[in-house]
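Working notes, beginning with the structure itself.
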Amino acid sequence: MVLTGAVRMSEVGHTRRWVLGAGLMLTGGLAGCGSDADSPTPVDALQPLLDEALTLAIAYDRAILSLPDLATRLSPLAADHRAHAAELATLIGRTTPTSASASSPASAMSAGATADEVIAAFQTAEQSAAKNAVAACRATTALRAGTVGSIAACRATHVEALR
Amino acid sequence: MTEALAAALAAEEAAIYAYGLIGVRLTARAEVTAARAAELEHRERRDWLINQIAALKSSSGPLPAGYTLPFPVTDRDSALDLAIKIEDGVAQSWRPVLGVTENDDRTTALAALTDAAVRAVRWRRLNAVAPLTMAFPGRAG
Numbered sequence: 163m164v165l166t167g168a169v170r171m172s173e174v175g176h177t178r179r180w181v182l183g184a185g186l187m188l189t190g191g192l193a194g195c196g197s198d199a200d201s202p203t204p205v206d207a208l209q210p211l212l213d214e215a216l217t218l219a220i221a222y223d224r225a226i227l228s229l230p231d232l233a234t235r236l237s238p239l240a241a242d243h244r245a246h247a248a249e250l251a252t253l254i255g256r257t258t259p260t261s262a263s264a265s266s267p268a269s270a271m272s273a274g275a276t277a278d279e280v281i282a283a284f285q286t287a288e289q290s291a292a293k294n295a296v297a298a299c300r301a302t303t304a305l306r307a308g309t310v311g312s313i314a315a316c317r318a319t320h321v322e323a324l325r
Numbered sequence: 004m005t006e007a008l009a010a011a012l013a014a015e016e017a018a019i020y021a022y023g024l025i026g027v028r029l030t031a032r033a034e035v036t037a038a039r040a041a042e043l044e045h046r047e048r049r050d051w052l053i054n055q056i057a058a059l060k061s062s063s064g065p066l067p068a069g070y071t072l073p074f075p076v077t078d079r080d081s082a083l084d085l086a087i088k089i090e091d092g093v094a095q096s097w098r099p100v101l102g103v104t105e106n107d108d109r110t111t112a113l114a115a116l117t118d119a120a121v122r123a124v125r126w127r128r129l130n131a132v133a134p135l136t137m138a139f140p141g142r143a144g
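Those protein sequence lines, which keep their order, are chains A and B. To convert, take the position in the first sequence, counting from 1, and add 162; that gives our numbering. To convert, take the position in the second sequence, counting from 1, and add 3; that gives our numbering.
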């Protein structure tokens, strides 16, 4: 999953794209492994969408902590993702995880990134997330299509809101 | 299925009507251009729905003779408010179509919902309405 433009991070020598991508993949991977280890129940097809929503919400929260001037702009987007996570958890029949992942992307973005860089990174992340949600909507059941479709549309509106 | 398609068609017809009123209250070139583009997109969606309903060998029922506006449209601000309301309504009308379609048709319905939601964000920004987004575009209430 490619999430951001390639902005060099001075201290660690990785590009932000790499760190963000690694953060999301790690979060999704851990969720899948945990489910397999703890329960014989197969992972729900919407679980990756839920994980992505939580990761983005946490990323926005951390970006706001790092750059408080962005709070007015980013807080509603974080709230949208939390609402998605809660709704998806209800659909899947699981409790929404509340703990922040240490590998969530905004921890990388807070390392000296400017507001413009953070916004650009989130635009790319939301574009990717919207594509994932569109694919999920196409593949899901008739009963779930409305909710997943609204989530896909919301992610697309986030791209527009970040312009 | 026809019921959901017919409701979306009614919303698209209402949007086409509304943009005729909205356009005359806008003066900035970019806003007029955006309104015209939106109207064209709504016409394309309407035509797609008409074809879908025809393919089902069904009828969408008669169009209303006229529309009652939710508030008077007298200036730019009220025109933009109407544009927001129209796009939110169009998004709501497409959401049930997702559940009665599959594959490419569902993708088309989702694109229609999404495009309406994105246009609503643009109109909210132009009219300084916050927040710009909603968590579940297309969900009533």
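We put the CB at the ideal spot given by N, CA and C, even for glycine. This one's a predicted model, so the numbers in the text were calculated from it and none came from an experiment.
Practice problem: List the whole-angstrom C-beta distance separating Thr136 (chain B) from Leu239 (chain A), where the pair is believed to meet the contact cut-off of C-beta under 8 Å. | Solution: Contact flag correct, Cβ pair sits at about 7 Å.
Practice problem: Put Thr252 (chain A) into one of helix, strand or coil per three-state DSSP. | Solution: The three-state reading of DSSP puts Thr252 (chain A) in helix, counting H, G and I together.
Quiz item: So which of B:Trp126, B:Phe139 and B:Pro140 has the shortest CA-CA distance to Leu29 (chain B)?
Solution: Here the closest residue by C-alpha is B:Trp126.
Quiz item: Quick one: is Glu322 (chain A) near chain B, going by C-beta distance under 8 Å?
Solution: Yes, Glu322 (chain A) counts as interfacial toward chain B.
Quiz item: Pro152 (chain B) to Ile220 (chain A), Cα distance in whole Å?
Solution: The shown model of chain B, from 4 to 144, leaves out residue 152 (chain B), and the question about it has no answer.
Quiz item: Just the Cα atoms here: how many angstroms apart are Arg160 (chain B) and Ile19 (chain B)?
Solution: Outside the displayed span of chain B (4 to 144) sits residue 160 (chain B), for which this structure offers no information.
Exercise. Give a yes or no on whether the minimum CB-CB distance between Ser228 (chain A) and chain B is below 8 Å.
Key: Any Cβ of chain B closer than 8 Å to the Cβ of Ser228 (chain A) would place that residue at the interface, and such an atom is absent.
Self-check item: the region 5 to 13 of chain B in contact with the region 50 to 65 of chain B per 3-pair CB rule at 8 Å
Solution: The region 5 to 13 of chain B is in contact with the region 50 to 65 of chain B.
Quiz item: Since Pro210 (chain A) meets chain B, which of its residues come closer than 8 Å, beta carbon to beta carbon?
Solution: Chain B residues near Pro210 (chain A): none, gap ~18 Å exceeds 8 Å.
Quiz prompt | Minimum Cβ-Cβ distance from Leu52 (chain B) to chain A less than 8 Å | solution = It does not; no Cβ of chain A falls within 8 Å.
Quiz item: Is Leu236 (chain A) closer than 8 Å to Ala225 (chain A) when the C-beta atoms are compared?
Solution: Yes, they are a contact pair.
Practice problem: Measure the Cβ-Cβ separation of Gly102 (chain B) and Ala304 (chain A) and say whether it is below 8 Å. | Solution: Yes.
Exercise. Please confirm whether Leu113 (chain B) and Val321 (chain A) have their CB atoms less than 8 Å apart.
Key: Contact flag unset, no.
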